[in-house]
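Right, one structure below, let's go through it.
In this note's numbering, the protein residues as written are 9 to 417.
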């Protein structure tokens, strides 16, 4: 019969081997697959994914005892809940233990938050590079907010303090601006975040005519809580959105993939509400300034035209007198010219008449007869040629001083 060991002997041997080889705590790179808290103790299921295939290649249980949990909590404060949650990539300081009855387990002694944050940053950079390679990082920044924003689609959690603060601050603004806010309820952290946020963005995009912009807002939390928005699919949906997307999910020094690709990234929900109020106030201010400018311009035009009208009125008062004066001068001048011309014309015509009279006198038959000429008539007709005489009839000869009648024979 071959040599054999009892199960207890085998496990005891394994325990001694483990104790010998892992006498000191070690740091383990793993991912938290499941978390359960029982009476102050925290029980974890840890896994490791193959970097190429992403398949689970190792799995083990781990415990954080109550006192250790208090120590880590005091050390990390508000950061701890973001580390001890499903899906978080962590670096744990563990003591490897093996129990003959319960098998292998890891006893967690500490957590390195810098490792997790570093892994998150590496993951964020990879996603951003992929978005950049696909030309998606600046698409949403090219969209334009309307001059007045009123119809707002909000992706958030209804019970989140950040959403409540945002809505109260926006709707109770001191300028009396009216906004229509429609909430698309999603999980803002956890395994459902990617699916629900993407579904909300798709639904809003299909109804983009009903909205002016999209807001993604959430309340406070640690840097690790923001890791759910270091997601390629969420980033791609934001980039491809037909509407400008404004994020208010970060903090003063933290930025996610969603923030990087959004149209505008602000730090808090209240900052987002302030931005929307200031945006509309800016439009109102521009309209007011334009109205004032138009009013001032109109007043200036009126003043200029009033001055022109006054000058024209004064000129019109002076103009008739000036015109009359000019025309009187012209009339006097024309009168004098007419008088001179008339006198000249009369003188010339007198001279012509005298000349004509002289010519007429010279041509008067009496004056001609005085010079020794006579007029011969026959049958009351003047005879100027001898051949025109009728020898049988009487002729009449007119001299200057008398008329005689005689026969030719």
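Glycine included, each C-beta is placed from N, C-alpha and C at the ideal position.
- Along the length of the segment 103-139, whole beta strand (DSSP E) runs at least 3 residues long occupy 111-119, reported in chain order.
- Note: residue 159 is bridge-paired with 188 in the DSSP secondary-structure output.
- With a threshold of 16 other beta carbon atoms within 10 Å, residue 27 falls short and is exposed.
- Under DSSP, the beta-bridge partners assigned to residue 71 are 51 and 115.
- Distance check between residue 148 and each of 82, 246, 75 and 169 places 246 closest, using alpha-carbon atoms only.
- DSSP links residue 35 through a beta bridge to 101.
- Annotation: the continuous alpha helix (DSSP H) that includes residue 378 extends over 373-378.
- By a beta-carbon distance limit of 8 Å, residue 165 contacts residue 194. Their separation comes to about 7 Å.
- For the pair residue 173 and residue 227, the Cα-to-Cα distance works out to about 9 Å.
- For residue 52, the closest of 63, 40, 334 and 127 by C-alpha to C-alpha distance is 40.
- Between residue 402 and residue 357, the alpha-carbon positions lie close to 46 Å from each other.
- Here the alpha carbon of residue 175 sits roughly 11 Å from the alpha carbon of residue 282.
- Looking at the DSSP output, residue 255 sits in a beta bridge with 224 and 273.
- Residue range 201-214 is occupied by the alpha helix (DSSP H) that includes residue 207, with no beta strand (DSSP E) assigned at that position.
- Annotation for residue 91: 84, 98, 119, 121, 124 and 232 place their beta carbon closer than 8 Å to its own, counting only its chain and skipping 5 residues before and after.
- The beta carbon of residue 106 is closer than 6 Å to those of 22, 23, 26 and 112 in its chain, skipping five residues each way along the sequence.
- Membership of residue 413 in the beta strand (DSSP E) is indicated by the continuous run 411-415.
- If the five residues before and after residue 153 are omitted, its C-beta is found closer than 8 Å to the C-beta atoms of 220, 221, 252, 271 and 287, all from its own chain and listed in chain order.
- Residue pairing by DSSP puts residue 46 in a beta bridge opposite 49.
- Exclusion of the five residues before and after residue 158 leaves 186, 187, 188 and 220 as the residues of its chain whose Cβ lies within less than 7 Å of its Cβ.
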